[in-house]
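Line by line, the protein sequences are chains R and L.
Take 74 as the starting number for the first sequence in my numbering and just add one per residue.
Take 183 as the starting number for the second sequence in my numbering and just add one per residue.
C-beta: ideal position from N, C-alpha, C; glycine also.
This structure is a prediction, so every number in the text was calculated from the model and none was measured.
These notes are about the structure you will find just below.
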Amino acid sequence: MKSDSPTRVGKGKVVTAVFLKDIQIELRSRVVTNQVLPFAGLVMVMFAFALDNDDVLQRVAGGLVWLATLFSLFIIVQRSFAIDTADGALDSLRVAGIDLSAVFFGKAIALATKLIALEIVLICSAVLLYRVDVSATGLVLLVTCVLCATSGLAFVGTLYGGLTAGAKGRETLLPLLLLPVVAPVLIAATRATEAAFGSGGAQTSEGWAWIGLLAVFAAVFGVGGSLAFGSLIDE
Amino acid sequence: MIVSFSDVVVVYDNFPALAGASFEVSSGEIVLLQGPNGAGKTTLLRACAGLLPIARGSANVLSCDLTSDRHSVRRKVGLLSHANGLFQDLTVEENMSFWSRLIGASNQDVKTAMHIMGLSDRLSTTRVANLSAGQKRRCALATLIVRRAQLWLLDEPHAGLDTQGRDELDKTLRAAREAGATVMFASHEIDRAQNLATRSLTVVGGLVTES
């Protein structure tokens with residue numbers, strides 16, 4: 074048994090290890106597939122019951138998809154950090170002396186992966202339940218929108234998840250802190266999705282300006298989150 | 183000196199959990215921290231690991247000045263706190279693999295650590311959630327062995343272990359010392375702990391005295 078300082082591991086390897094760990098835990102526990110997906114699906118069905126009008130549903134389908142995504146985001150983020158705090162693993166990560174920004178990116182990529190799976194189901198639900206149509210050009214816009222919006226949500230969700238991980242009442246604190254911050258994503262993603270769906274006669278080309286906003290949001294929280302995450306976890 | 187604290191104050195939740203602690207630990211020692219609940223033993227160990235800010239005084243661990251930089255020391259120490267730091271939905275092997283990847287340990291190191299802690303058989307493929315408290319503790323200790331830390335900081339390491347597990351732990355700590363590591367551990371099992379330790383410190387009211 075030797076006692077010496079371990080070799081410093083590259084940032085990429087830490088990102089990969091944290092990402093694979095989070096995905097492996099999800100595949101094992103199936104919280105997203107067995108609980109979050111049915112929840113999000115139910116929200117979509119309840120919206121359909123509440124609005125009960127095909128024209129209205131087609132017009133607001135984009136907003137409903139992203140609202141259901143936001144509601145599910147809170148559950149996924151809390152779960153993502155609950156697995157790290159349940160038995161003190163977050164402390165062990167701190168003591169491991171690794172670059173905590175790599176942990177941020179690893180967790181954010183894992184969160185984005187789960188969100189994309191969720192959004193695919195939600196968009197398919199909108200097509201089936203609300204009877205929206207997506208053209209070929211609309212599909213390109215929609216895919217770009219999903220990628221940009223998901224990146225932003227994953228970065229901001231990981232940052233705020235880390236911030237509230239050790240806080241008392243984190244279950245209620247997280248939505249309270251996160252909702253105002255993700256409002257720009259909700260607005261931009263909804264407008265872009267409406268353009269992709271052609272809701273209310275919107276043109277596909279109208280959606281690209283909103284993609285720009287989503288990309289800026291993702292970039293700001295990606296860079297800001299990687300810089301702030303370590304300090305937030307430490308405090 | 184491996185650890186040198188002088189008049190150290192650590193404030194935790196507006197309470198001075200360490201209130202002017204001064205002590206030194208030399209290389210190769212196994213130091214027992216004893217004292218009543220709430221005396222500051224856990225805070226002392228966490229401060230040594232660089233997890234808590236030093237509010238006053240000077241603290242030096244493994245040549246790292248904790249008052250100016252408490253992050254550099256973390257790669258050199260191994261901390262076992264009350265929690266085990268394990269992922270409940272992963273198996274023992276997967277947990278070991280994750281932590282070894284983070285610190286760049288080899289597969290051989292992992293196998294050796296699992297063998298030492300008696301986790302090589304069917305337990306290796308058992309989910310941590312399905313292990314007993316003692317088995318979880320053994321798994322946590324195995325992750326610590328893989329880290330090859332220069333300073334081992336253990337908070338109640340014997341808790342939850344059966345007699346055989348306790349014997350193995352004592353053997354492991356002595357082996358770590360022979361390999362050049364220094365050990366500080368808190369324990370309420372005074373008889374066993376005093377047999378293991380080369381020196382004892384008493385922590386009371388956030389102050390440290392020689393026993």
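| Asked | Found |
| --- | --- |
| Residues in the stretch 285 to 310 of chain L with C-beta within 7 Å of chain R's C-beta atoms, listed in sequence order? | I285, G286, A287 |
| Using the Cβ count rule (16 or more neighbours within 10 Å means buried), how would you classify R/S299? | buried |
| I'd like to know if R/S304 contacts chain L, where contact means its C-beta is closer than 8 Å to some C-beta of that chain. | no |
| For L/A221, which residues in the same chain have their Cβ closer than 7 Å to its Cβ, ignoring the five residues on either side in sequence? | V385, V386, G387 |
| Is it buried or exposed, L/N266, if we count other Cβ atoms within 10 angstroms and call 16 or more buried? | buried |
| Name the one or two DSSP bridge partners that L/G260 has. | L/W334 |
| With 16 as the cutoff for other CB atoms within 10 Å, does L/V390 come out buried or exposed? | buried |
| Hey, does L/N266 have any beta-carbon neighbour from chain R nearer than 8 Å? | yes |
| Taking just the CA atoms, how far does R/A240 sit from R/A181? | 20 Å |
| Please compile the residues from chain R whose C-beta is within a distance smaller than 8 Å of the C-beta of L/V259. | V168 |
| So with CB distances below 9 Å, who are the chain R contacts of L/L336? | Those do not exist, as L/L336 stays about 13 Å from chain R at its closest Cβ, beyond 9 Å. |
| When the distance is taken between beta carbons, is R/I96 closer than 8 Å to R/A183? | yes |
| Among L/A231, L/E392, L/C321, L/A315, whose alpha-carbon lies nearest the alpha-carbon of L/S279? | L/C321 |
| Just reading off the beta strand (DSSP E) that L/A199 is part of, what are its end residues? | 197 to 207 |
| Hey, is L/Q270's beta-carbon within less than 8 Å of any beta-carbon in chain R? | yes |
| Determine the extent of the alpha helix (DSSP H) in which L/Y194 is found, giving its start and end residues. | Where L/Y194 is concerned, there is no enclosing alpha helix (DSSP H), although the beta strand (DSSP E) it sits in stretches over 185 to 194. |
| Tell me, which residues are paired with L/S240 by DSSP? | L/S188 |
| Could you check whether the Cβ of L/R319 sits closer than 8 Å to any Cβ belonging to chain R? | no |
| According to DSSP, is L/L268 part of a helix, a strand, or is it coil? | coil |
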